[in-house]
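As structure tokens, the structure follows; a few thoughts come after it.
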Amino acid sequence: MPSPRGVGPLNQIAPPQHPDRPRVVTFGGGKGGTGKSTLCADIARALTRYQGRVLCIDASWHTPTLNILLGANEPAFDLSADGSHCLGEKGSHIADFIVGTAYSNVYLASLASARRYPFTRPRVRPEEIIAQLHQLDFDWVLIDLPPSLSPFDVGLFTLSDTPILVGTPDPAAIRVMAQFLRASLFSAIGYHPQAPEFEEELVEVLYKQPLWLNTRSLRYDAPSAQSRAIIDETARQLEVYMVVNMVREGAEHDLGFVLSHALHRELQVFPRVLASIDYADRRWFYNRRTTGTGTSRNEEGLTNDIELLSRHIRDIQLVDMRYPRPTPTRGDAHPALTMGLNPELSRNEVRQYCRRLWEGYRREASISLVFTEPTRRMEIAEELEGLYRHVLTMPSENFSRAEVDEAVRNYERERTAIPARQEHPTPPPPRPPEFTPPAQPSAKPADEERSDDAPAAEEGSAPRRAAGTKSPGDAIAALRRRHGLSLQELSSRTHIGVKYLAAIETVDFDVLPRPVYLRGYLREVARVFDVPAQPLIEEYFRYLDQS
């Protein structure tokens, strides 16, 4: 079956793909120290094992480092040489600054040697650089961006075929990555084909934006349906990817998926996760002491993480197939597509992914830095908990072919639908007049204070309770919230599966265990909450008999 997204162009903001030009991959993120240069050098070496020649572009004007990692000469410029040109001047071309490296079929062009004066960037536009790169005889061009949110660097990122956000698990990197993606969305609007026709409107919209802009604030300030349509289409066409580098523990491997989900909920841009790279302390110490150029003491050696990442970059369409852009959350939406998963995955994989997202939102308080309103993190965690309960009731076998085909058809309609061009759409809530620093992470659990009329876990298996009547399951849920426990934490204390605990709270007849086991489960729950067990059991079974 074809991918829900298809095999069309990669980043649709970039110029159209052509087999005779190189594919441009950009490593950005806005923060230094995240390993962008090391990844760029290692990926270049990995790609030469499969396809032709690779050109690396060191886009740092002031502190070039790729020459060290690739064993090339230090960048320099000589104004006394005849015919020397600075980039941006008439007759200059990026090809004039290409040099060889210590590795076969890997070449380097440092923009530090293409300047006229020290620490001064030439007057050249990012689209001019991209156009010159497309004229070169290389299979791949890898651009290593400096730690900056300047229009030039963000423009290179936005116009590349495969823009890759590179960050680390620390909160500062998460904040800068979110701001870098905001700047990319800001820049991409200017590259929309219809942007020149509505230039005055769009400039006015962008001028009004705060630092924490998102698609809601952009649409709110847009004066016409046409400019709103440009903003919506830009958010859909900007295809970005993500690498989380220097991961130190198992839980951090899921951070990329949580971060991509959060960025999509805030900006409607979905950075698909390519890899999580483990922190290699031996490599760090080795490079520190010897100015090493490789990923290990063996110059030809590449880590498994780098091999996996290079494979994903080569076959980027497979990543798009596995992680389609999430669809809006609706009652009839396929649970896989609402999270950005291919519906052909098994129900078990969908359950596991949902749980990873839910636990990541609850565990990683730094995800709050993505949102304009930090409290959004816990709100989304509660939504994911409800979705997790819904998925828990599903059998473990694969989704039926009819379900998958219907989900793909709905996805295609959502993806290709043109937004209705209403002159007076319903505006979002007004934005705050001034920046408010993020609040401290809330100590409330992810599943705090849910209303009694929350959606059932599964259509067709809703608990049969009388209208307006509270069940003993509601009392158990209230006890759990009062003790500040999530379903997962209660499961760890009672050794009862989350699936059965959720069924006990919602009185789901189709999932509840047999009475002999249910009595034991209720007794364990009463023990954890230090309440009398027998009255709870009697009241619960009396409610079951009446229902």
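Quick note on the working numbering: the sequence shown kicks off at 46 and runs consecutively.
The C-beta atom is built at its ideal place from N, Cα and C for all residues, glycine as well.
Using DSSP's beta-bridge definition, name the partner residues of Tyr152.
Partner(s): Leu100 and Gly145.
Does DSSP put Ile541 in a helix, a strand or coil?
Reduced to three states, the DSSP call for Ile541 is coil.
Using three-state DSSP, classify Leu55 as helix, strand or coil.
Looking at Leu55 - three-state DSSP - the assignment turns out to be coil, as it is neither helix nor strand.
Please list, in chain order, all residues of the same chain as Val576 whose beta carbon is under 6 Å from its beta carbon, the five residues on each side excluded.
Once the five neighbours on either side are set aside, Val576 has no close Cβ partner at all.
Let's test the definition: count the other Cβ atoms within 10 Å of the Cβ of Lys544 and tell me whether it reaches 16, buried, or not, exposed.
It counts as buried.
Per DSSP, which residues does Asp575 bridge with? Please list them.
DSSP lists no partner for Asp575.
Report the rounded CA-to-CA distance for Asp555 versus Ser193, giving the unit in angstroms.
Taking the straight line from one Cα to the other gives about 55 Å.
So which of His138, Asn259 and Arg220 has the shortest CA-CA distance to Ile234?
Out of His138, Asn259 and Arg220, Asn259 has the C-alpha closest to the C-alpha of Ile234.
Go through its chain and collect everything with a Cβ distance to Ala121's Cβ below 7 Å, but skip five positions before and after it.
Within the same chain, Ala121 has close Cβ partners Ser158.
Exposed or buried, what is Phe164 when buried is set at 16 or more other beta-carbons lying within 10 Å of its beta-carbon?
Phe164 should be labelled exposed.
Using the Cα positions of Ile351 and Ala86, report the straight-line distance between them to the nearest angstrom.
Cα-Cα distance, rounded: 10 Å.
In three-state terms, what does DSSP make of Arg421?
Looking at Arg421 - three-state DSSP - the assignment turns out to be helix.
For Thr79, which of Gly133, Pro214 and Ala104 has the nearest alpha-carbon?
For the residues Gly133, Pro214 and Ala104, the minimum Cα distance to Thr79 belongs to Pro214.
Could you check which residue in Glu297, Val561 and Asn290 has the C-alpha nearest to that of Ser411?
Nearest option by C-alpha distance: Glu297.
Among all the DSSP beta bridges, which residues are the ones paired with Gly73?
Answer is Leu210, bridged to Gly73.
Starting from Val303, trace the beta strand (DSSP E) both ways and give me its first and last residue.
Element bounds for Val303: not the beta strand (DSSP E) but the alpha helix (DSSP H), Leu300 to Leu312.
Quick check on this structure: which residue in Gln313, Leu382, Val285 and Leu153 has the alpha carbon closest to the alpha carbon of Glu119?
Checked all of Gln313, Leu382, Val285 and Leu153; the closest Cα to Glu119 is Leu153.
Helix, strand or coil for Arg613 per DSSP?
Outside the shown range of the chain, which is 46 to 592, sits residue 613, and nothing can be said about it.
Counting C-beta neighbours from all protein chains within 10 Å, is the total for Ser537 16 or more, i.e. buried, or is it exposed?
The residue in question, Ser537, is exposed, as its Cβ has fewer than 16 Cβ neighbours within 10 Å.
Only counting the same chain, and skipping five residues up and downstream in sequence, which positions put a Cβ closer than 7 Å to that of Ser355?
Ile88, Ala91 and Leu92, listed in sequence order.
Assuming Val364 and Pro380 are in contact, meaning their beta carbons sit under 8 Å apart, how far apart are those beta carbons, in whole angstroms?
So it is not a contact: roughly 20 Å between Cβ atoms.
When the Cα of Tyr368 is compared with those of Asn349, Asp377 and Glu389, which residue comes out closest?
Taking only the C-alpha atoms, the option nearest Tyr368 is Glu389.
Would you give the residue range spanned by the alpha helix (DSSP H) that Tyr406 belongs to?
Residues Arg392 to Arg408.
Which partner residues of Leu106 appear in the DSSP bridge assignment?
Strictly speaking, residue 106 in this sequence is Trp, with Leu absent from that position. Note: Trp106 sits in no beta bridge, so no partner.
Can you tell me the Cα-Cα spacing of Arg342 and Leu111, whole angstroms?
Unreliable placement is indicated for Arg342, whose pLDDT of 40 sits below 50; the coordinate value is still reported in the next sentence. Using only the alpha carbons, I get a separation of about 18 Å.
Taking only the alpha-carbon atoms, compute the straight-line gap between Phe231 and Leu251 and give it to the nearest angstrom.
Going by the C-alpha atoms only, they are around 7 Å apart.
How would you call Leu535, buried or exposed, if buried means at least 16 neighbouring beta carbons within 10 angstroms?
With 16 or more other Cβ atoms within 10 Å, it is buried.
Which of helix, strand or coil does DSSP assign to Asn387?
Three-state result, Asn387: coil.
On the DSSP bridge list, what partners appear for Leu111?
Leu111 is not bridged to any residue.
Just the Cα atoms here: how many angstroms apart are Val436 and Ala547?
Their backbone Cα atoms lie some 11 Å apart in a straight line.
Among Ile143, Gly136 and Asp184, which one has its Cα closest to the Cα of Glu173?
Closest by alpha carbon: Gly136.
Would Asp360 be called buried (16 or more neighbouring beta carbons within 10 Å of its own) or exposed?
Result: exposed.
Do the CB positions of Leu201 and Pro167 come within less than 8 Å of each other?
The answer is no: Cβ separation not under 8 Å.
Terminal residues of the continuous alpha helix (DSSP H) containing Tyr286?
No alpha helix (DSSP H) holds Tyr286; the beta strand (DSSP E) holding it covers Val285 to Val292.
Going by CA-CA distance only, name the one from Val292, Met291, Glu284 and Asp323 that's closest to Gln305.
First, the amino acid is wrong: residue 305 is Ser here, not Gln. The option with the nearest alpha carbon to Ser305 is Glu284.
Measuring only the C-alpha atoms, how far is Tyr398 from Arg98?
Looking at the two C-alpha atoms, the distance is approximately 37 Å.
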